[in-house]
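Structure, as structure tokens:
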Amino acid sequence: MTDADPLRLLAVHAHPDDESSKGAATMAKYVAEGVQVMVATCTGGERGSVLNPALDRPEVWERLPQLRAEEMARAREILGVQQEFLGFVDSGLPEGDPLPPLPEGCFALVPTEEAAAPLVGLIRRFRPHVVLTYDERGGYPHPDHVKTHDVSVLAFEAAGDPERYPDLGEPWQPSKLYYQMGFTLTRTRALHEAMLETGAESPYAEWLAGWDPERDMSHRVTTRVPCAEYFPVRDAALIAHATQIDPQGRWFACPMDLQQRVWPTEDYELARSLVDSTLPEDDLFAGIRSEVPVP
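Per our numbering, the sequence shown starts with residue -8, numbered consecutively.
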């Protein structure tokens, strides 16, 4: 590494739109600081739903895979990031009791060693210092999110090992691995109570009513990145995913100034680290910056 070698961040996500709903303001902040940011999107989101009532039309459903790619292109431009699709097929979110089997050939059914190969190759080409992904539950129990966790952890460990995936380029070992911790009980409750204090109806009441405190991950947060000024960039990127995001929906029901005041950070768990840093952190590159200056 040299003085001219920039910091690099890789965020691994399951579908187009996940990058804009999880850690987008963090990425926009680091882009503004001169960090190179790459998004790896595991699937094309082909089996997603049309969640914007204004676009729930037959001609939209017919072009959904193409539209998801077009929306991703607009979102990455807004965020200022690089982005690559890893080429897997969306597994869909199974529903029913009992759950139906996953569709043949989908991402969640690909053996993890095989599914990790494109990500190992990307890590060795892009050479990130920090990797972001989901926790072992996937953030929520979508099979593609759980698979994204498994693939990311394997790739983080394997990319620096010359004995593994020897045909995928020169080994590169990222320094830190983080899990997204955006949807915690602590944050949701804080925003809920702040909304009620204004006399407004809270969009979080339904979430909180069904929340199992035993499954909350708030205690695992190690790192809070201040990025409130980039929340509008995050929302613009979300809205770019027009088939997935209703601009009149719950995502945007909490006023921007309230969000920025009450919870001005995006939150993470430091899951692996090969450098020394003091917890809690406010920077994903803590322990790395002294070795890799931003130009």
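Note that beta-carbon positions come from the ideal geometry of N, C-alpha and C, so glycine has one too.
Who are the Cβ neighbours of residue i in its own chain at under 7 angstroms, not counting the five residues just before and after it?
i	result
Ala146	Ala107, Leu110, Val111 and Ile114
Trp52	Val41
Buried or exposed, going by whether 16 or more other CB atoms sit within 10 Å of the CB of residue i?
i	result
Ser40	exposed
Pro7	buried
Pro165	buried
Met247	exposed
Tyr125	buried
Thr103	exposed
Gly278	buried
Arg206	exposed
Can you find the residues in the same chain that come closer than 6 angstroms, C-beta to C-beta, to residue i, ignoring five residues on each side of it along the sequence?
i	result
Leu58	Thr234
Phe276	Leu(-2)
Gln27	Pro(-3) and Arg(-1)
Below 8 angstroms on the Cβ atoms is my contact criterion, and I expect residue i with residue j to pass it. Report the Cβ-Cβ distance as a whole number of Å.
i	j	result
Ala66	His232	6 angstroms
Leu93	Ala19	Actually they do not touch by this definition, with Cβ atoms about 34 angstroms apart.
Ser82	Arg118	At roughly 29 angstroms, the Cβ-Cβ gap does not stay under 8 angstroms, so Ser82 and Arg118 are not in contact.
For residue i, I'd like the list of residues in its chain whose CB is within less than 8 angstroms of its CB, leaving aside the five on either flank, ordered along the chain.
i	result
Arg280	Leu(-2) and Asp274
Glu161	Arg115
Pro238	Asn43 and Ile230
Do residue i and residue j have their C-beta atoms closer together than 8 angstroms?
i	j	result
Cys33	Asp135	yes
Leu123	Gly25	no
Thr179	Asp258	no
His4	Leu84	no
His210	Leu199	no
Met29	Val80	no
Leu159	Arg263	no
Glu10	Ala2	yes
Leu249	Ala185	yes
Measure from the C-beta of residue i to each C-beta in chain C and report whether the shortest distance is under 8 angstroms.
i	result
Leu159	No chain C is part of this structure, which consists of one protein chain only.
Say whether the region 154 to 167 touches the region 241 to 249, bearing in mind that this needs 3 or more beta-carbon pairs closer than 8 angstroms, one atom from each stretch. In short, these stretches do not touch, since the Cβ pair count stays below three.
For the 8 angstroms Cβ check, are there 3 or more pairs between the region 259 to 273 and the region 202 to 215? Taking a cut-off of 8 angstroms on C-beta distances, the region 259 to 273 touches the region 202 to 215, as three or more cross pairs fall below it.
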